[in-house]
Each structure stands twice: as structure tokens, then as C-alpha cells.
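Chemist: Residues in the sequence shown are numbered from 316 upward in steps of one, following my numbering. Every residue gets a Cβ at the ideal spot worked out from N, C-alpha and C, and that includes glycine.
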Amino acid sequence: MALLFTRLIRNVILVIVFFNVVSYYLRWKSYNIAARDFKTASVNSASNNALSAVSKFQSELKRITKGQSVSSDSTWVPLSVGGLHLRLQIAYATLFEAVTLLAAPSPTVGRSGLHWANSTCTVLVGEVVRHSDAYSGLVKETFTSAQNFRHGQFESYVYEFKEGTHVVCYWRGFIPASGLSALVGAVASGDLLGAARLVFSYSKVTFENTAVFFVDTFNHLKNKAMKMEL
316 MALLFTRLIR
326 NVILVIVFFN
336 VVSYYLRWKS
346 YNIAARDFKT
356 ASVNSASNNA
366 LSAVSKFQSE
376 LKRITKGQSV
386 SSDSTWVPLS
396 VGGLHLRLQI
406 AYATLFEAVT
416 LLAAPSPTVG
426 RSGLHWANST
436 CTVLVGEVVR
446 HSDAYSGLVK
456 ETFTSAQNFR
466 HGQFESYVYE
476 FKEGTHVVCY
486 WRGFIPASGL
496 SALVGAVASG
506 DLLGAARLVF
516 SYSKVTFENT
526 AVFFVDTFNH
536 LKNKAMKMEL
């Protein structure tokens with residue numbers, strides 16, 4: 316019993332240390348996308364036509380990533396989280412930064428899930444309604460095309476997506492933690508294939524963008540060393 320208690324305390328301490336180390340790193344690291352540039356690009360991409368809005372934003376994303384080549388996955392994967400049933404496209408992702416497109420093929424209502432990340436979102440097409448748990452009274456917010464809203468880390472909201480709504484979100488935080496709610500939702504919905512597709516899509520895009528980062532960093536250091544030799 317004492318051994319079990321000791322192991323539990325040790326694991327709790329490790330979790331606390333991990334949380335603080337990652338939180339400190341997130342506060343001081345630099346990001347490839349400026350939040351201001353994302354808002355401008357997403358608002359400019361808003362349209363009455365979903366295909367046009369998504370296509371324009373994807374073009375804008377290439378412009379705002381500081382000239383870096385980025386990897387994305389243009390396929391849509393099912394996303395079930397907190398009762399919401401959406402489609403998800405990962406436009407950009409690393410371990411600590413992501414851009415995702417969300418689409419509602421039909422009206423859907425549910426909770427946002429648990430996210431260790433701050434996000435800013437823009438409605439490209441349609442309408443999003445959300446209700447906050449942070450107040451004693453019922454607070455209802457409505458966002459339509461070209462409007463932005465923010466979702467803070469560990470915050471809880473009830474979201475309602477109207478049919479045909481498309482939203483694009485930019486995330487900063489420990490992105491893999493957001494996958495837990497999505498995986499639980501997929502399993503609860505009986506969609507194991509959807510869960511596998513989600514994991515594959517995120518892993519693929521994250522690996523490719525991380526590889527690009529290391530290659531670019533290596534080339535930068537190599538060029539810098541060559542200039543010093545000259």
C-alpha cells in the first residue's frame with residue numbers, strides 16, 4: 316500500500332513538473348504564424364461560398380507563414396467532441412501550433428472539449444452560437460461570417476454550429492492534449508476508423524512540418540558557418 320501511494324505521489328509530481336515546464340516553454344517560444352496576420356487572412360477569406368472561402372484561406376496561409384514551406388492535409392476527417400459532430404481539416408500543425416478548418420454538414424450542438432491551448436477562430440461561412448459556463452446567468456454570443464472569437468485554454472463553452480458553417484481556428488499550446496477529447500468522442504460515437512484517420516492526419520502533418528523546421532534550421536546554421544569561414 317505504501318509503495319502504491321509513493322508511486323502515485325511521484326506520478327503527480329512528474330505531471331506537475333511537466334505542466335510547468337511546457338507552460339514556461341509556451342510563454343517564451345516563437346511561433347511561425349502571427350495571430351494578427353491570421354485574423355487578417357481569415358477575415359479576408361470570409362465569403363458566402365464555402366469552397367471559395369476555404370481555397371482563399373489556404374492561399375493566404377502560405378503567405379503568412381513567414382516564407383516557410385508548410386505541410387498540410389487537404390482531406391477532411393470526422394471530428395466528434397463533446398456532442399459536436401463536425402468535419403476537420405488540418406491546414407498546419409506542429410506540437411505547439413496548429414491551424415484547423417471545421418465544417419458542420421448539419422446543425423450540431425455540443426461542448427468544446429478540453430484544450431491545453433489558446434485559440435482564435437474566424438467564421439468563414441455560416442453562424443456559430445456559444446454559451447459560456449463562466450457566469451451565473453446565461454450568456455449567449457453569436458458570430459457570423461468574418462467575425463472572430465477567442466477560446467482560452469481549459470475554458471468550457473457550449474457551441475452550436477448552423478448547417479454549412481465553416482470556421483478556421485489558430486491554436487497555440489500543447490496541441491496533442493486536444494486530441495484526447497477528440498479520441499474519446501470518436502470512441503464514444505463508435506467511430507474507431509475516424510479516430511485512426513484523425514491521429515494519422517495530425518501525425519503526418521506534424522512530422523512533415525517538424526522535419527521542414529529542422530532542415531531549414533540546419534541550412535541556416537550551415538550558411539552562417541560558411542559565411543564565417545569566408
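Whole angstroms is fine: what's the gap from Trp549's alpha carbon to Leu403's?
Modeler: Since the first residue of the chain shown is 316 and the last is 545, residue 549 is not available in this structure.
Chemist: So, with DSSP's three-state summary, where would you put Thr390?
Modeler: Along the sequence shown, one-based indexing puts residue 390 at 75. Three-state result, Thr390: coil.
Chemist: Assuming the contact rule is C-beta atoms closer than 8 Å, Tyr346 and Glu412 should be a hit. Round their C-beta distance to whole Å, please.
Modeler: What you label residue 346 is simply residue 31 of the sequence shown in a count that begins at 1. What you label residue 412 is simply residue 97 of the sequence shown in a count that begins at 1. Confirmed, Cβ separation roughly 5 Å.
Chemist: Could you tell me which uninterrupted beta strand (DSSP E) segments, each at least 3 residues in length, are contained entirely in the region 401-469, listed from first to last along the chain?
Modeler: 412-418, 423-426, 432-440, 442-447, 454-459 and 463-466
Chemist: Please report the Cβ distance between Leu394 and Ala497, rounded to the nearest whole angstrom; I am assuming they are in contact, meaning their Cβ atoms lie under 8 Å.
Modeler: Within the sequence shown, numbered from 1, the residue matching residue 394 stands at position 79. Within the sequence shown, numbered from 1, the residue matching residue 497 stands at position 182. Correct: roughly 6 Å between the Cβ atoms.
Chemist: What does DSSP give as the partner residues of Leu399 in its beta bridges?
Modeler: As a first step, residue 399 must be located in the sequence shown, where it is residue number 84. Looking at the DSSP assignment, Leu399 forms a beta bridge with Val396.
Chemist: Return the chain-ordered list of same chain residues with a C-beta closer than 7 Å to the C-beta of Gln468, the five sequence neighbours on each side being excluded.
Modeler: What you label residue 468 is simply residue 153 of the sequence shown in a count that begins at 1. Taken in chain order, the residues that qualify are His430, Trp431, Ala432, Asn433 and Gly488.
Chemist: By DSSP's criteria, Glu475 is part of a beta bridge. Which residues make up the other side?
Modeler: The residue you call residue 475 lines up with position 160 of the sequence shown. Paired residue(s): Val424 and Val444.
Chemist: Pull up the CB-CB distance for Thr459 and Glu475, whole angstroms please, since I reckon it's below 8 Å.
Modeler: In the sequence shown, residue 459 corresponds to position 144, counting from 1. In the sequence shown, residue 475 corresponds to position 160, counting from 1. About 13 Å; that fails the 8 Å criterion.
Chemist: Drop a sphere of 10 angstroms on the beta-carbon of Trp343, count the other beta-carbons inside from all chains shown, and report buried for 16 or more, exposed for fewer.
Modeler: In the sequence shown, residue 343 corresponds to position 28, counting from 1. By the 10 Å Cβ count, Trp343 comes out exposed.
Chemist: Run the CB neighbour count on Asn335, radius 10 Å, all protein chains shown included, and call it buried at 16 or more, exposed below.
Modeler: If you number the sequence shown from 1, residue 335 lands on position 20. Exposed.
Chemist: For Ala510, I'd like the list of residues in its chain whose CB is within less than 8 Å of its CB, leaving aside the five on either flank, ordered along the chain.
Modeler: Stepping through the sequence shown from its first residue, residue 510 is reached at position 195. Closer than 8 Å at Cβ, skipping near neighbours: Ala497, Leu498, Ala501 and Val502.
Chemist: Does DSSP put Gly488 in a helix, in a strand, or in coil?
Modeler: By 1-based counting over the sequence shown, the position of residue 488 is 173. Gly488 falls in the strand class under three-state DSSP.
Chemist: If you draw a straight line from the alpha carbon of Phe456 to that of Gln462, how long is it in whole angstroms?
Modeler: Residue 456 sits at position 141 when you count from the first residue of the sequence shown. Residue 462 sits at position 147 when you count from the first residue of the sequence shown. Note on residue identity: the sequence assigns Glu, not Phe, to residue 456. It is roughly 11 Å from the alpha-carbon of Glu456 to the alpha-carbon of Gln462.
Chemist: Would you call the CB atoms of Val440 and Asn363 closer than 8 Å?
Modeler: Here residue 440 refers to the residue found at position 125 of the sequence shown. Here residue 363 refers to the residue found at position 48 of the sequence shown. Their beta carbons are under 8 Å apart, which means Val440 touches Asn363 by this criterion.
Chemist: Could you check the C-alpha separation between Val483 and Leu417 for me, to the nearest Å?
Modeler: Taking the first residue of the sequence shown as 1, we reach residue 483 at position 168. Taking the first residue of the sequence shown as 1, we reach residue 417 at position 102. Those two C-alpha atoms are separated by around 6 Å.
Chemist: Quick check on the DSSP output: the alpha helix (DSSP H) that includes Thr355 runs from which residue to which?
Modeler: Residue mapping note: residue 355 aligns to position 40 of the sequence shown, counting from 1. Unbroken alpha helix (DSSP H) run through Thr355: Ala350 to Ser360.
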